[in-house]
Amino acid sequence: SFEGRVEVYHDGKWGTICDDQWDDRDAEVVCRQLGLSGTPKALSWAHYGQGSGPILLDEVQCSGNELSLDQCKKSDWGQQNCDHIEDAGVSCDPFTDLAMVHRRFLFFPADCCPFLLPPLAEGTVRLAGGRSPSEGRVEVYYNGDWGTVCDDGWTDLGAQVVCRQLGFR
892 SFEGRVEVYH
902 DGKWGTICDD
912 QWDDRDAEVV
922 CRQLGLSGTP
932 KALSWAHYGQ
942 GSGPILLDEV
952 QCSGNELSLD
962 QCKKSDWGQQ
972 NCDHIEDAGV
982 SCDPFTDLAM
992 VHRRFLFFPA
1002 DCCPFLLPPL
1012 AEGTVRLAGG
1022 RSPSEGRVEV
1032 YYNGDWGTVC
1042 DDGWTDLGAQ
1052 VVCRQLGFR
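Every letter in the sequence shown is one number past the one before it in my numbering, and letter 156, counting from 1, is 1047.
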């Protein structure tokens, strides 16, 4: 499944995100964080059904270049003025005719539950040590570890490839 209500895990609890300020830039970050390609689309007004439990985030305002929701501007955890009719959702897939087996995405902070995250694919890239999520040292995941890239022969073309892999335009 490539779409669903977004739920986050924080402080031992699952909860939803309020759709105030929710837009396609936020969806782009969710899709990137989940490792999904496709056209990010934000959906509001509990498009995928109302959640239960706490509403943990509100006023999420991503630029679209962040690697995770945690890097986006947002309200403090648990600070919100919403009802579940405002639960936020995303679609990360441009193909609308795919059968959906499970219509719920889960968002795990990286330090929460690494055993629940999908395994990283060989050749996955990330930026590390930069002043913002859109800059830094290029690292590649290979054989179970992250390593750096030697700059011998590194050109703007290589940088463009990495930027596209990370979902930047």
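C-beta atoms are modelled at their ideal positions from N, C-alpha and C, and glycine is treated no differently.
Close CB contacts of Val1040 within its chain, under the 7 Å cut and outside five residues either way in sequence, are with Val1029 and Val1031 (chain order). Here DSSP, grouped into helix, strand and coil, assigns Arg1022 to coil. For the pair of segments examined, the segment 931-949 was found to touch the segment 903-919: the number of CB pairs separated by less than 8 Å reaches three. In the structure shown, Cys1054 falls within a helical segment according to DSSP collapsed to helix, strand and coil.
Per the DSSP secondary-structure output, Leu948 pairs in a beta bridge with Ile908.
Among the bridge pairs identified by DSSP, Ala933 is matched with Val981. DSSP, read as helix, strand or coil, puts Val921 in helix.
DSSP, reduced to helix, strand and coil, places Gly1049 within a helical segment of the structure shown. By the neighbour-count criterion, in which a residue is buried when 16 or more other Cβ atoms sit within 10 angstroms of its Cβ, Thr1046 is exposed. In the DSSP annotation of this structure, the continuous segment of the beta strand (DSSP E) that includes Trp1037 starts and ends at Asp1036 to Thr1039.
Taking 8 Å as the upper bound for CB-CB distance, Ser982 and Val920 are not in contact here, some 14 Å apart. Nearest neighbour of Asp1036 by Cα position, chosen from Arg1017, Gln1051 and Ala1050, turns out to be Arg1017. If you draw a straight line from the Cα of Gln952 to the Cα of Lys964, it comes to about 5 Å.
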